[in-house]
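*Asks:*
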Amino acid sequence: MSNDTYDLEALQNGSLANLALTKFKLTPTPSLTVFPDEIFTFGPSLTYLDLSGTGLSSLPPNFTTSLPNLKILFLSNCAFTTFPDLSSHHTLEMVAFRHNSLTSIPENTLPPKLRWLILTDNRIPSLPSSISSCPNLEKCLLAGNNLSTLPPSLTQCQNLTLLRLSANNFSSLPKFLFTAFPKLAYLSFAGNPCSLSSRKAHKLPFGLLDIPYSSLAISRVLGRGASGIISQAEWKPSPDSDFTEDVAVKMFRGSLTSDGRPEDEMEAVLLAGSHESLIGVVGKVTGYSEGEREGVKGGIVMSLVPEGYEVLGLPPDLESCTRDRFTEGERGWEMGKAVEMLTGIAGAGAHLHGRRICHGDLYAHNVLASKGDGHGLLGDFGAASVYGKEEDGVERVEVAAFGRLVGDVLGLVEEGGEGERERAMRRGLEELQRRCEDGDVEGRPDFDEVVEVLRGMLGWRGVMRIPEVPN
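Under our numbering, the sequence shown has 340 at position 76, and the numbering climbs by one with no breaks.
1) Could you work out which residue in Met605, Val705 and Leu718 is closest to Phe442 when comparing CA atoms only?
2) Who are the near neighbours of Asn400 in its chain, counting only those whose CB is closer than 7 Å to its CB and skipping five residues on each side?
3) If Gly563 sits next to Lys514, beta carbons under 8 Å apart, how far is it from one beta carbon to the other, in whole angstroms?
4) Identify the residues that DSSP records as bridge partners of Cys622: which are they?
5) Assign Asp588 to one of two classes, buried (16 or more other C-beta atoms within 10 Å of its C-beta) or exposed (fewer than that).
6) Using CA atoms only, rank isn't needed, just tell me which of Arg668, Glu716, Asn277 and Asp271 is closest to Thr293.
7) Examine the Cβ distances between the region 613–625 and the region 532–542 and report whether three or more of them are shorter than 8 Å.
8) Could you check the C-alpha separation between Leu283 and Thr521 for me, to the nearest Å?
9) Which of helix, strand or coil does DSSP assign to Glu679?
10) Which residue marks the beginning of the beta strand (DSSP E) containing Glu498, and which one marks its end?
11) Check this for me: beta carbons of Ser649 and Ala532, under 9 Å apart or not?
12) So for Arg674, helix, strand or coil by DSSP?
13) Which residues mark the beginning and the end of the alpha helix (DSSP H) in which Pro476 is found?
14) Would Thr355 pass as a contact of Pro332 if the rule is Cβ separation under 9 Å?
15) With hydrogens ignored, establish whether the beta-carbon of Ala536 is closer than 8 Å to any heavy atom of the ligand MN.
16) What's the C-alpha gap between Ser567 and Glu678?
17) Ends of the alpha helix (DSSP H) at Cys700?
18) Within this structure, are the beta carbons of Thr318 and Thr297 separated by less than 9 Å?
19) Please check the pair Lys403 and Thr425, which I expect to be a contact at CB under 8 Å, by giving their CB distance rounded to whole angstroms.
20) Could you give the C-beta distance for Arg523 and Gly646, rounded to a whole number, given that I count them as a contact under 8 Å?
21) Would Gly636 be called buried (16 or more neighbouring beta carbons within 10 Å of its own) or exposed?
22) Ignoring anything shorter than 3 residues, give me the beta strand (DSSP E) runs that lie fully in the region 421–450, in order along the chain.
23) Measuring only the C-alpha atoms, how far is Gly518 from Val560?
24) Which term fits Val673, buried or exposed, when burial requires 16 or more other beta carbons within 10 angstroms of its beta carbon?
25) Taking the alpha helix (DSSP H) that Phe590 falls in, what are its first and last residues?
26) State the beta-bridge partners of Arg525 as determined by DSSP.
27) How would you write the range of the alpha helix (DSSP H) that Arg454 sits in, first residue to last?
28) When you compare each of Phe299, Ser279, Asn277 and Leu315 to Lys287 by their alpha carbons, which one comes out closest?
29) Taking its Cβ as the centre, do 16 or more other Cβ atoms sit within 10 Å of Val485, making it buried, or is it exposed?
30) What do you reckon, are the CB atoms on Leu234 and Leu718 nearer than 9 Å?
31) Restricting to Cα atoms, I'd like to know which of Pro416, Pro570 and Lys447 is closest to Leu437.
32) Considering Cα atoms alone, identify which of Ala274, Gly640 and Phe306 is closest to Ser330.
33) Measure the alpha-carbon distance for Cys803 versus Glu574 and round it to whole angstroms.
34) So, under 8 Å CB-CB, His623 and Leu642 are touching, yes? Tell me the CB distance rounded to an integer number of Å.
35) Buried or exposed: where does Asp385 fall if 16 or more other Cβ atoms within 10 Å of its Cβ makes it buried?
36) Do you know how far the Cα of Thr508 is from the Cα of Glu775?
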């Protein structure tokens, strides 16, 4: 157990009574159905409480007054059917009720300082109109519920930046989603009737192969995520040939993530087609049995990313909420190379939206980049959504995400020693960022225009990747 994780026995035997804990996490205890009063002994010092994996279905009346400085509350994988009244808790910023049995959020029960709300995988049919009393709401995870509409009062949450609506019952999305939120940048809605009907109209790109699982020799795991496992493999295209190729294989598994369902992610990856700034998809895995690969939803074979590519940033944490984090190792970009990389990622955005696919998670932590080559690869389609004409406004929502990426990349570029050309590029990127994040959503450029602006900064030599000729 970590230093902040304790079992029920330690809590109840009094060994923690004199500790001024700021963080308390209980080991999963499904048999616990009554809130343990011993937690109240931590009083004003406690700011983080995690009682996930218990049988709790309610909170005691004195919860707020006894833990007056609580900021983060996790009650995932519990037995709540009704959202508890947290309206008088004026310090709570993050609340998580993932995978309960919630069917109701009564009016006026949300904490007023709420910044991050996790309600993934419940049975919620509607949100309360009083959500408007949460002006700080920035991140709202609602995938896997029974929602078919959103309250117009949600538009009062002007800081909303990330919204997950996948795997609900939306036959159409509210139009205000595409105009009313000046900061909304990350939107997903796959697995709804509106997205599924649009997906049926799409055709898979020509040239994708059916690749038998038996032709793949898995060698090592490259990465694990909520929707599956990516492994390196040796692919033998023909049993009669000695030729083999190193590839990456992602086997999709599980049921529902905070972004959506693995099968929707796989479909979006296959529909995306080819682009120089997307990880290339070779084909779809066939011929595996459920017995061999328990829980597998499907699989794809991708090109293996060359050495020298590294993740551009780190995902948000509890403090940064919707902003990526960066280390010194990610800094040191040359301005010209940074603009080249951004041009490619913008081109990938234009390509995806040309095929009516919204990536939904256009973050630095989803870009593999090479500083030396000035090239990036956009990956992780876990929040991707296929859309129709009625959702055309989603492109300019995603352009805001690109604007945030531009700002992040500017922070990775060394300022010392910049020449006039580099300083002009910096001014140009700052202006492009401003336009992409314009609070007037309909006034933002689309990705095609963004690409043209970036190409203009590089000039024809940069676009064609032709090196400068020394004098």
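Glycine included, C-beta positions come from ideal geometry on N, C-alpha and C.
*Replies:* Short version:
1) Within the sequence shown, the letter at position 178 stands for residue 442. Of Met605, Val705 and Leu718, the residue nearest in Cα terms is Val705.
2) Looking up residue 400 in the sequence shown gives position 136. Excluding residues within five positions, the ones whose Cβ falls inside 7 Å are Lys377, Leu378, Arg379 and Asn423.
3) One-based indexing of the sequence shown puts residue 563 at position 299. One-based indexing of the sequence shown puts residue 514 at position 250. Indeed, because the Cβ distance is near 6 Å, the residues count as touching under 8 Å.
4) Taking the sequence shown and counting its residues from 1, one reaches residue 622 at position 358. Partner(s): Ser649.
5) In the sequence shown, residue 588 corresponds to position 324, counting from 1. By the 16-neighbour rule on beta-carbons within 10 angstroms, Asp588 is buried.
6) Residue 293 sits at position 29 when you count from the first residue of the sequence shown. Comparing Cα positions, the closest option is Asp271.
7) They touch, by the three-pair rule.
8) Here the question's residue 283 lines up with position 19 in the sequence shown. Here the question's residue 521 lines up with position 257 in the sequence shown. Counting only the Cα atoms, Thr521 lies some 36 Å from Leu283.
9) As a working mapping, residue 679 is identified with position 415 in the sequence shown. Collapsing the DSSP output to three states places Glu679 in coil.
10) The residue you call residue 498 lines up with position 234 of the sequence shown. Gly492 to Trp499 is the span of the beta strand (DSSP E), which, as asked, contains Glu498.
11) The residue labelled residue 649 in the question sits at position 385 within the sequence shown. The residue labelled residue 532 in the question sits at position 268 within the sequence shown. Closer than 9 Å, so yes.
12) The residue you call residue 674 lines up with position 410 of the sequence shown. Looking at the sequence itself, residue 674 is Leu, so the reference to Arg does not match. It is helical.
13) Start at 1 with the first residue of the sequence shown, and residue 476 comes out as number 212. No alpha helix (DSSP H) holds Pro476; the beta strand (DSSP E) holding it covers Leu473 to Pro476.
14) Within the sequence shown, the letter at position 91 stands for residue 355. Within the sequence shown, the letter at position 68 stands for residue 332. Yes, the Cβ-Cβ distance between Thr355 and Pro332 is below 9 Å.
15) This structure lacks the ligand MN, and indeed carries no ligand of any kind.
16) Numbered from 1 along the sequence shown, position 303 holds the residue referred to as residue 567. Numbered from 1 along the sequence shown, position 414 holds the residue referred to as residue 678. CA-CA distance, Ser567 to Glu678, rounds to 32 Å.
17) As a working mapping, residue 700 is identified with position 436 in the sequence shown. That run of the alpha helix (DSSP H) goes Glu684 to Cys700.
18) Along the sequence shown, read from residue 1 onward, the residue named residue 318 stands at position 54. Along the sequence shown, read from residue 1 onward, the residue named residue 297 stands at position 33. Going by C-beta atoms, Thr318 is nearer than 9 Å to Thr297.
19) Within the sequence shown, the letter at position 139 stands for residue 403. Within the sequence shown, the letter at position 161 stands for residue 425. With a Cβ gap of about 7 Å, Lys403 and Thr425 count as contacting.
20) Position 259 of the sequence shown holds residue 523. Position 382 of the sequence shown holds residue 646. Contrary to the premise, residue 523 reads as Asp rather than Arg in this sequence. Right, the Cβ-Cβ distance comes to about 4 Å (below 8 Å), so this counts as a contact.
21) The residue labelled residue 636 in the question sits at position 372 within the sequence shown. Answer is exposed; the Cβ neighbour count stays below 16.
22) Taking only runs of at least 3 residues, the beta strand (DSSP E) segments lying wholly in the region 421–450 are 426–428.
23) The count along the sequence shown starts at 1 and reaches residue 518 at position 254. The count along the sequence shown starts at 1 and reaches residue 560 at position 296. In this structure, the alpha-carbon of Gly518 lies about 7 Å from that of Val560.
24) In the sequence shown, residue 673 corresponds to position 409, counting from 1. Counting Cβ neighbours within 10 Å, Val673 comes out buried, since at least 16 surround it.
25) By one-based count along the sequence shown, residue 590 stands at place 326. First-last for Phe590: undefined, no H or E at that position.
26) Position 261 of the sequence shown, counted from the first residue, corresponds to residue 525. Beta bridge pairing from DSSP links Arg525 with no other residue.
27) Within the sequence shown, numbered from 1, the residue matching residue 454 stands at position 190. According to the sequence displayed, residue 454 carries Ala and not Arg. Taken as a continuous stretch (DSSP letters only), Ala454 belongs to no alpha helix (DSSP H), as it is neither H nor E.
28) Here residue 287 corresponds to residue number 23 of the sequence shown, with the count starting at 1. The residue with the shortest Cα to Cα distance from Lys287 is Leu315.
29) For the purposes of this step, residue 485 is taken as residue 221 along the sequence shown, with counting starting at 1. Residue burial is scored here from C-beta neighbours: Val485 has fewer than 16 other C-beta atoms within 10 angstroms and is therefore classed as exposed.
30) Shown here, the chain extends from 265 to 735; a query on residue 234 therefore has no answer.
31) The residue labelled residue 437 in the question sits at position 173 within the sequence shown. Ranking the options by Cα distance to Leu437, first place goes to Pro416.
32) Numbered from 1 along the sequence shown, position 66 holds the residue referred to as residue 330. Selection Ala274, Gly640 and Phe306 evaluated against Ser330 yields Phe306 as nearest (Cα-Cα).
33) No information on residue 803 is available, as it lies outside the stretch 265 to 735 that the chain covers here.
34) Along the sequence shown, read from residue 1 onward, the residue named residue 623 stands at position 359. Along the sequence shown, read from residue 1 onward, the residue named residue 642 stands at position 378. Yes, His623 and Leu642 are in contact; Cβ-Cβ is about 7 Å, under 8 Å.
35) Working through the sequence shown from its first residue, we reach residue 385 at position 121. Asp385 is buried by the Cβ-count criterion.
36) Nothing about residue 775 can be reported from this structure: the residues present for the chain run from 265 to 735 only.
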